[in-house]
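Number of protein chains: 2
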Amino acid sequence: MKPIEGRKRIVIEHVRPSVNCGRYPIKCVLGDSVEITAAIFGDGHDHVAARLLYRHASQRKWQTANFTELPNDMWAATLSLGEPNETDKLGAWSFTIEAWVDHFDTWTHDLAKRLAAQAESSQDIPLALRIGANHVDAAASRAKGADAKKLNLAATKFRALADSNLSFYDSPIQDELVALVAKYPDLSFSTKHTPELSIWVDRERAVFSSWYELFPRSASAVAGQHGTLRDVADRIPEIAGMGFDVLYMPPIHPIGVAYRKGPNNSVTAKAGDVGSPWAIGAAEGGHTAILPELGTFEDFDQMMKVAAANSIDIALDIAFQCSPDHPWVTEHPSWFIHRPDGTIQYAENPPKKYQDIYPLNFESPDWRGLWDALYGVFKFWSDRGVRVFRVDNPHTKALPFWEWCIAEVLKHAPDTIFLAEAFTRPHVMYALAKGGFTQSYTYFTWRNTKAELVDYFTEICNAPVSDFFRPNVWPNTPDILHAQFQVEDLAQRRAIFRQRVILAATLSSNYGIYGPAYELLEGRAATPSTGKSSSEEYLDSEKYQIREWDRSDPNSIAPLIASLNHIRRENLALQRNEKLHFHTVSNDNLLAYSKSSRDDSNVILTVVNLDPSGEQTGWLDLSMPALGLPWIGSYDVEDLLTGAVYHWKDQWAYVALSPEATAHVFRIHPAL
Amino acid sequence: MKPIEGRKRIVIEHVRPSVNCGRYPIKCVLGDSVEITAAIFGDGHDHVAARLLYRHASQRKWQTANFTELPNDMWAATLSLGEPNETDKLGAWSFTIEAWVDHFDTWTHDLAKRLAAQAESSQDIPLALRIGANHVDAAASRAKGADAKKLNLAATKFRALADSNLSFYDSPIQDELVALVAKYPDLSFSTKHTPELSIWVDRERAVFSSWYELFPRSASAVAGQHGTLRDVADRIPEIAGMGFDVLYMPPIHPIGVAYRKGPNNSVTAKAGDVGSPWAIGAAEGGHTAILPELGTFEDFDQMMKVAAANSIDIALDIAFQCSPDHPWVTEHPSWFIHRPDGTIQYAENPPKKYQDIYPLNFESPDWRGLWDALYGVFKFWSDRGVRVFRVDNPHTKALPFWEWCIAEVLKHAPDTIFLAEAFTRPHVMYALAKGGFTQSYTYFTWRNTKAELVDYFTEICNAPVSDFFRPNVWPNTPDILHAQFQVEDLAQRRAIFRQRVILAATLSSNYGIYGPAYELLEGRAATPSTGKSSSEEYLDSEKYQIREWDRSDPNSIAPLIASLNHIRRENLALQRNEKLHFHTVSNDNLLAYSKSSRDDSNVILTVVNLDPSGEQTGWLDLSMPALGLPWIGSYDVEDLLTGAVYHWKDQWAYVALSPEATAHVFRIHPAL
């Protein structure tokens, strides 16, 4: 069957960026610009013209941007996504490409060739001028008012020139005329790319954020006392002072009594044991209630106010699972799996059992009711002002649910950030990001050698992954005390804690730590590591008990962390990941990488000693273009951690780093 | 908005092979099998099952094939495309993937873990057995007859075992039961991949063919006489004897008189000059007429018969352009571009003019009529039995036209082969192949150094290009006498002609030569090459005059060509491109590559001396797995060009090749 219009001669393909052939949006933030590339071509020798069409979901009319032709039929255009403060431009954008045969452009180039050859053959020029006059008249018929008049006049001039019978013709084509004709393209047979592609535009914090996690119940200033949301509010200025902008708390809901876990994950709890905050739900309520020991909704609102005053986002932990005491267990039995003996299926990984947790059944006949209730949890806290959610184990809930639920939340609050805590296989982690999660936990914790770090960050900081996946890297979490940290020797422990937080804060624009365990160098594991096996569980984990932390410990690395966060705020280079470049160093214990701001005006070169037990030295072999520097010449590097300035020349530089020094975070100052 | 069924928990993505996200079909031949891979995964720890669904366009019911799970959520299945002689299975096939959560499989694996741990915790096993019984009963409800009974019986046994209160349980799961349950999967919440993907299935010659091009007007056995189709028929046995299976002739239609070109492309023809066969159309007719000097339709039909008897396909040259004398010029003026002076626009590349040629206007208001007429040309010759078309400059005709036209022709004759003669930019060449062209001319002629050949064949013989693009490589064409061949010295000229045809015949399963110019080493250019510029036009080109060829010339390399074609027929390895592997050689003038049959039973290793003027020696560093050989051990290599057999050991082998010897074409014989 013939197409409706067979004269659409242009093909548009390989449009980038796009995720799964346009099935999912790419991710950007407000004020960003994206380079769109595509292969655009037609048959024959006719010239092609193309434009980018784009709009925010609230706009009916397309905005346009021009394409530049690159070699080999590739084209590029820049799409600008609003201004940084234009919050009504958050959310869904779409774009497509329109391209057409540009007969006038073909003609001007042919005429130039004719004029260049007129010494040998000038007889065709008058006829060529008449053809051009027809093109210009056609443009005039698409124009209006003054433009139309100008175009008609130009056509008349072309014809007069054709009649003049000269022996030598100067070119009658001026830039102004070319621009005027281009303003009124003939789109009768233009091709529009299908499908339209989509972009999700978040606020800045989606791509640049520094997270601090703490257990509210350990936040009391009074030893032995259950911390409250008021205590958390009191701690906020200090956390903001350390430079963090997201404060994340494990679930704050009532905790189940049935099968409650005791300290160190013991199967039976004693009276007064506080249980795990992830065993959600009790007589006092479920996911929309607050554990009475933590306080009231008034306390919550007050904490939100203090947070806002300190430019901090409060991140709630959404863990969709229920303790046996959760109201849903009795109100909605069909949301759970029932066993042949009539009991409800608890979480298990045979032969391990987690009887304090009931998973939800996403194959429930009442899946619609379940989805609505889960969405309702987000809506409830969103209505109370929460704009950041850390989602617990999203990979154990149905993927189509997340795609729907996140879209629903964002409809009301497009400034919401969702962090996916999925430590699972790559495809599943990426599917969650494609389906809507703003940020994602990563394998960073287990990428420790130079080769591992280079491979992993190369994968996640480049297309296609970076089109949809935003890493948020954590040296530790309440679930993960990596074996690296389980070191008795204080100096060595301090070195590794310093190293990992420097890596996190300079490799990834989003990072976080679980504190005060981190800054206080907590390295004691529930089961000490052996050569054969290692436990990543903390000893006396806050997951099961209240902890008291001595934040005045002189060994605390809080000052380093504050310094890193300050450096991140001052340097645009560290606020994005797309210009991460690894440099060659002649030592596998030294890792060197640079990041640059989009305009290359800010460049940070970080060199890290990966060995916490000894000095490492080596020669940097810098890729100068990645630093925005010429191959030959001198420049200054300023260590932002120490203030030291070094004068370097060309691509080779010698570095020596002790475990105590750990790293250089250099700002590059090109020679004036 | 919620999906219609929210319980479809499986994601299927990255399905390969697919062309432009499924917009175009992949290409295969009858009897082939294709490996389909995809990422298939769901949430959580539930096991996944998947099957491939596929069918020929004539079939309503899907056939199924099983998937194998690979690491990291990747899956693979093999799709078999009919039997080699099942011609009713030519044409369009489609496939998709269906995947679902396999609760029974999850359960069997969990049970195995429970049984393994029963020494510590056996109390859950009876309940687990009852859950399994429910799964088996559910399968029974989807089954019928004996299978249903067997399944119900198994469920009953599970329950009896659950009641038995043993202290130790043996596994009740047998392979037969697993297979029986798998036969009746629960597809209630299965995911089907969209869109369905398509495969175009051609006959074998689409992928393995040897083309010989000749000008019929030079085919007369009588000196000075205009050759005829009867003369061509007489030559067919000899051409078949050389091992060719496609005989391709430039256009056989009436040739225009207006602006006819004389010998060596002179602008004015003298009386008796025969003109260019590509200036199509005269008083005698256009694209569906035969030049009277060549004969009648009876002669044509007789030639077709002789060709068929010799297992040769006749390939016609379809050049959609008109001489000023073509009937369409007066019958359908709207199919051409008219200039302001009322004349029709001839072909030109300012300031060059080709006044003997009128291009067609694909932006004609009567584009539908034009498309129908062009299609009518194919249909006309197809109805006369032609099944191979070489299409002249398809890249100067609208791309949507080709996609429609080729599909229409294939509807009637799915065994038709279209060769695209497009020497243009890569995206356009690839777009033509995607749009339906069976085979494509390539840049082979201009890929002469080792690095150029390795890069180019690596690109075109691997996915994604090889999914839709089938190279047909030509050392020469009537338009292209590469500067390499323009050598006075006979020995050197013979060496380069030998080299290029050996490369063509062993690198690509489709190749062709323009003869007898090729085998007779015609190297004279219209304008002799200088260091600065080179002409690729032949002196006394057959495009403009009749030539007489002395096929008894003792320097003819026809015996080599016959030998190459014989080797190609005897060795499956040379009949496909997908297992082409380049091997390392310690000399840039030696090129070594192997090809293997799909089952690796036939392996050909070719080593070519790229220097036509001197001996080259070097050490092969063979990648043994690519040869189907172990890294350590001895084997025989048999030079199929000379019959010599060498006994080799391990990966290193020394080779020395004179320009006269040119190449080894080794068959690998593994040690018994």
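Chains as they are written, first to last, in the working numbering: chain A, 4 to 675; chain B, 4 to 675. For each residue, glycine too, the CB sits at the ideal point set by N, CA and C. None of the values given here were measured: they were computed from a predicted structure.
Per the C-alpha coordinates, the member of 362(B), 372(B), 283(B) and 504(B) positioned closest to residue 329(B) is 283(B). Fully contained in the segment 148-234 of chain A are the following alpha helix (DSSP H) runs of length 4 or more, in chain order: 148-166 and 178-185.
The Cβ of residue 407(A) sits closer than 8 Å to at least one Cβ of chain B. Boundaries of the beta strand (DSSP E) harbouring residue 57(A): 51-59, taken from the DSSP string. Using beta-carbon distances, residue 399(A) counts as an interface residue toward chain B, with a partner under 8 Å. Relative to residue 466(B), the option among 13(B), 40(B) and 33(B) whose CA is nearest is 40(B). Along the segment 156-186 of chain B, there is no position whose C-beta sits under 8 Å from a C-beta of chain A. Rounded to whole angstroms, the Cβ separation of residue 249(A) and residue 315(A) is 7 Å, and the two are in contact under 8 Å. When C-beta distances to chain A are compared with 8 Å, the residues of the segment 408-430 of chain B below that value are 428, 429 and 430, in chain order. Judged by their CB atoms, residue 68(A) and residue 80(A) are nearer to each other than the 8 Å cut-off. Considering only 553(B), 623(B) and 615(B), the residue with the shortest C-alpha distance to residue 587(B) is 623(B). By the Cβ criterion, the segment 16-34 of chain B is not in contact with the segment 505-524 of chain A, since fewer than three pairs of Cβ atoms, one from each stretch, lie closer than 8 Å. Contacts between residue 72(A) and chain B, judged by CB atoms closer than 8 Å, are missing: the closest CB pair is about 12 Å apart. For chain A, none of the residues of the segment 318-331 of chain B brings a beta carbon within less than 8 Å of one of its beta carbons. For residue 303(B), the uninterrupted alpha helix (DSSP H) segment begins and ends at 300-312. Per DSSP, the unbroken alpha helix (DSSP H) holding residue 407(B) starts and ends at 402-415. For residue 42(A), the nearest beta carbon of chain B is closer than 8 Å to its own beta carbon. Between residue 567(B) and chain A, the shortest Cβ-Cβ separation is not below 8 Å. Taking CB atoms only, residue 14(B) has a neighbour in chain A less than 8 Å away. If only complete runs of 3 or more residues are kept, the segment 557-600 of chain B shows the beta strand (DSSP E) at 583-588 and 593-599, in order along the chain. DSSP, read as helix, strand or coil, puts residue 517(A) in strand. Annotation for residue 453(B): the continuous alpha helix (DSSP H) segment containing it runs 453-463.
In summary, the residues of the segment 331-360 of chain B whose CB is separated from some CB of chain A by less than 7 Å are 342, 343, 344, 353 and 354, in the order they occur in the chain. Taken through DSSP and simplified to helix, strand or coil, residue 547(B) comes out as coil. In the DSSP assignment, residue 17(A) falls within the unbroken beta strand (DSSP E) covering 14-19.
Beta-bridge partners assigned by DSSP to residue 395(B): 424(B).
With contacts defined as CB atoms closer than 8 Å, residue 37(B) and residue 20(B) qualify as a contacting pair.
For residue 24(A), the residues of chain B that pass the 7 Å Cβ criterion are 24, in the order they occur in the chain.
When only Cα atoms are considered, residue 178(A) and residue 145(A) end up about 19 Å apart. Within the same chain, 347, 361 and 364 come within 6 Å of residue 339(B) by CB-CB distance, once the 5 residues on both sides are set aside. Rounded to the nearest whole angstrom, the C-alpha separation of residue 122(B) and residue 171(B) is 8 Å. Pairing residue 176(A) with residue 114(A) gives a Cβ-Cβ distance under 8 Å.
For residue 250(A), the beta-bridge partners assigned by DSSP are 215(A) and 317(A). For residue 372(A), the enclosing alpha helix (DSSP H) begins and ends at 370-386. A Cβ-Cβ distance of about 6 Å is found for the pair residue 460(A) and residue 583(A), placing them in contact under the 8 Å criterion. Inclusion of residue 608(B) and residue 575(B) in the CB contact set at 8 Å is not warranted, their separation being larger than that value.
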